[in-house]
Amino acid sequence: MAEKTIQIEIKRQSGPDASSTWEKFEIPWKPGMNVISAMMEIAANPVNASGQETTPIAYDSNCLEEICGSCAMVINGKARMACSALVDKLEQPIRVQPLTKFPVVRDLAVDRSVLFENLKAVQAWVPVDGTYDLGSGPRVFPQQQEVAYPLSNCISCCCCMEVCPQFNDATGFVGAATIAQVKLFNSHPSGKVLKEERLRALAGDGGVQECGFAQNCVQACPKQLPLTEAISDITRDVTLQVAKDFLRA
Amino acid sequence: MATAARPDASQTSNPVGRGVEPLRAGKGNSFLLRKLHSLSGIVPIGAFLIEHLLSNFEALKGPLAYAEQVKFLNSLPLVRFLEVGLIFIPLAYHALYGVYIAMRGKANVIYYPWSGNWMYMMQRWTGYIAFVYIIQHVVRQRFMGVSLPEHPGAAFHKVQMELSNPWMLAVYVIAMIAVCWHFSYGIWLFAAKWGITPGANARRRFGYLCAVLGVVLAVMGLASIYAFVGPNYKNAPADVMPAQTMLYAPSSPGASLS
Chain Z
910 MAEKTIQIEI KRQSGPDASS TWEKFEIPWK PGMNVISAMM EIAANPVNAS GQETTPIAYD
970 SNCLEEICGS CAMVINGKAR MACSALVDKL EQPIRVQPLT KFPVVRDLAV DRSVLFENLK
1030 AVQAWVPVDG TYDLGSGPRV FPQQQEVAYP LSNCISCCCC MEVCPQFNDA TGFVGAATIA
1090 QVKLFNSHPS GKVLKEERLR ALAGDGGVQE CGFAQNCVQA CPKQLPLTEA ISDITRDVTL
1150 QVAKDFLRA
Chain E
142 MATAARPDAS QTSNPVGRGV EPLRAGKGNS FLLRKLHSLS GIVPIGAFLI EHLLSNFEAL
202 KGPLAYAEQV KFLNSLPLVR FLEVGLIFIP LAYHALYGVY IAMRGKANVI YYPWSGNWMY
262 MMQRWTGYIA FVYIIQHVVR QRFMGVSLPE HPGAAFHKVQ MELSNPWMLA VYVIAMIAVC
322 WHFSYGIWLF AAKWGITPGA NARRRFGYLC AVLGVVLAVM GLASIYAFVG PNYKNAPADV
382 MPAQTMLYAP SSPGASLS
């Protein structure tokens, strides 16, 4: 009996400015395989389906348990985490390509620093630097924790941005992840000291107003963040902030 | 892994170097323009749409009732000011900025065929339909042919002539459905995007409400169209109140009591 194999097609690109091409692979099946482990098999024996020797696939990954956010890719047309994309549950040939809205570094590795820039632009942190003892932090009630915890689950994978029809070169939309982090840090008892600055930042070009409420973000989010709820809440807060600033000017 | 050099970010104004530009924190005025677009769709344009559909519904009572309604609207104080300030200008803004919004979005329903994504695309397509339809509707019904503000009695006949063309009738039916869809989903979007319905359940329930409103408005609109093309008022007279003009309102008995 012939050994069971899987068919996988990968969109490859040798560098940021190189042209892309699809390469087919046929690799031995193993129980419990996911897309990352399939690419590990390719790396162990870098030969494509037509028998030619090739290079191992370049990709980002780390934890392999859908918590680090590194391995977001477009798999069979859908943006998702490669580590939790189980081969047995995917239609073959499995077609894997890099996220389409982020500059390709090589093969499946993309540059997602736009999210980092966006998080910096809204100061998505608690401004405590630990240089002196502030005493114990303020009490966070369980009700507040219930709101904050789901938002803190964001793994910065950028799936919400990839699937968003408004996240593109024309709009420069900030994306759902950053808006959700604004809600998280604005609800934090120490983080809320920057609340007004974050809201004003989000009223800038590419801010919350660019959301078209297609709700793809909340469908695609691997960590089930309440993204549409966050966008709704934060847009209200931004609108009120803009109105207040106008009346106090 | 990650041996390739990162793109040089210093070459462009975009700090990421290439790809989607990051947030321009606190810069620009697109927030105000977008919120104005959103608000103008509800008030005054949405309010006008409801008025327009209610007025058209009078056509079901016949040419004279329809003429009375047209006459009433044109007798409102500062009516030409209202027409320009509350209809033409907001409508032009909503339409032009709406096209600008729609052209910058990149619909991806093929890859992500989810209901919200479908509605996102439908909102843009119904907007385009409304855009084209309303331009011809305003030009042909408001600015061409017999002027209805001066001759309200000619209103029924004018619309009936327009709808006697089966192609035009099809255009009106399609546009009626598209506009009612655009408005009712627009209300839903307004509530979601202004933070009135942040919760998923609240949005779902409000969605049912908006759907009912949209269906009611569309049915009312289609019924009005039927009044012009149906058997009840065939061959309406060219002017049902030829003696009256808006320049000299008829004195009514009892007016001297006030």
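Chains as they are written, first to last, in the numbering used here: chain Z, 910 to 1158; chain E, 142 to 399. Glycine included, every Cβ here is placed at the ideal spot set by N, Cα and C.
- When Z:Cys992, Z:Glu1119, Z:Ala1086 are compared, the shortest CA-CA separation from Lys334 of chain E is found for Z:Glu1119.
- In the DSSP assignment, Ile915 of chain Z falls within the beta strand (DSSP E) that extends over 914-921.
- With a minimum length of 4 residues, the unbroken runs of alpha helix (DSSP H) contained wholly in the segment 330-373 of chain E fall at 341-370.
- With contacts defined by Cβ atoms closer than 8 Å, Cys351 of chain E and Ile318 of chain E do not form a contacting pair.
- DSSP lists Z:Thr914 as the bridge partner or partners of Pro937 of chain Z.
- Judged by beta-carbon spacing, Cys1067 of chain Z lies within the 8 Å limit of Ala981 of chain Z, meaning their Cβ atoms are closer than that value.
- In the three-state scheme derived from DSSP, where H, G and I count as helix and E and B as strand, Met942 of chain Z is classed as coil.
- Assigned with DSSP and collapsed to three states, Gln1133 of chain Z falls in coil, not helix or strand.
- About 12 Å separates the beta carbon of Ala1110 of chain Z from that of Val1151 of chain Z, a gap too long to meet the 8 Å contact definition.
- In the structure shown, the three-state DSSP call for Trp931 of chain Z is strand.
- It is roughly 15 Å from the alpha-carbon of Met382 of chain E to the alpha-carbon of Ser216 of chain E.
- Secondary structure of Ile183 of chain E (DSSP, three-state): helix.
- For Ala166 of chain E, the closest of Z:Pro1012, Z:Gln1032, Z:Gly1121 by C-alpha to C-alpha distance is Z:Gln1032.
- Between Tyr1058 of chain Z and Asp1016 of chain Z, the C-beta gap is not smaller than 8 Å, which leaves the two residues out of contact.
- Close to Pro254 of chain E, with beta-carbon spacing below 7 Å, lies no residue of chain Z; the smallest spacing is near 10 Å.
- For Met1070 of chain Z, the enclosing alpha helix (DSSP H) stretches over residues 1068-1071.
- Interface with chain E (8 Å Cβ-Cβ cutoff): Cys980 of chain Z is excluded.
- Judged by DSSP in its simplified three-state form, Glu962 of chain Z adopts strand.
- Proximity of chain E to Thr1144 of chain Z at the Cβ level (cut-off 7 Å) is accounted for by Lys334, Trp335, Gly336, in chain order.
- For the segment 299-326 of chain E, not one full-length alpha helix (DSSP H) segment reaches 4 residues or more.
- Residue-level contact check: Ala1158 of chain Z does not touch chain E, since none of the beta carbons of chain E fall below 8 Å from its beta carbon.
- With respect to the C-alpha of Ala994 of chain Z, the residue from Z:Ser946, Z:Ala1030, Z:Ile951 having the closest C-alpha is Z:Ser946.
- At least 8 Å separates the CB of Lys913 of chain Z from every CB of chain E.
- At the C-beta level, Tyr207 of chain E and Phe284 of chain E stay beyond 8 Å of one another.
- Thr338 of chain E has its alpha-carbon roughly 6 Å from the corresponding atom of Arg344 of chain E.
- Its Cα nearest to that of Tyr234 of chain E, the residue E:Lys176 stands out among E:Lys176, E:Arg221, E:Ile366.
- Think of a sphere of 8 Å around the beta carbon of Arg1109 of chain Z: the chain E residues whose beta carbon falls inside it are Ala166, Gly167, in chain order.
- Around the beta carbon of Val300 of chain E, 16 or more other beta carbons sit within 10 angstroms, so the residue counts as buried.
- At a cut-off of 8 Å between beta carbons, Lys247 of chain E contacts chain Z.
- Distance between Phe1076 of chain Z and Ile275 of chain E, taken at the CA atoms: about 30 Å.
- Listed along the chain, the chain E residues whose CB falls inside 7 Å of the CB of Cys977 of chain Z amount to none; the nearest CB is some 13 Å away.
- With a contact defined as Cβ atoms closer than 8 Å, Leu1024 of chain Z and Ala1086 of chain Z qualify at about 6 Å.
- Counting only unbroken stretches of 4 or more residues, the alpha helix (DSSP H) elements lying wholly within the segment 193-241 of chain E are 204-215, 220-223, in sequence order.
- Asp969 of chain Z sits in coil when the DSSP states are folded into three classes, being neither helix nor strand.
- Residue pairing by DSSP places Asp1114 of chain Z opposite E:Arg165 in a beta bridge.
- Shown in chain order are the members of the segment 981-1008 of chain Z whose Cβ falls below 9 Å from a Cβ of chain E: Val983, Gly986, Lys987, Ala988.
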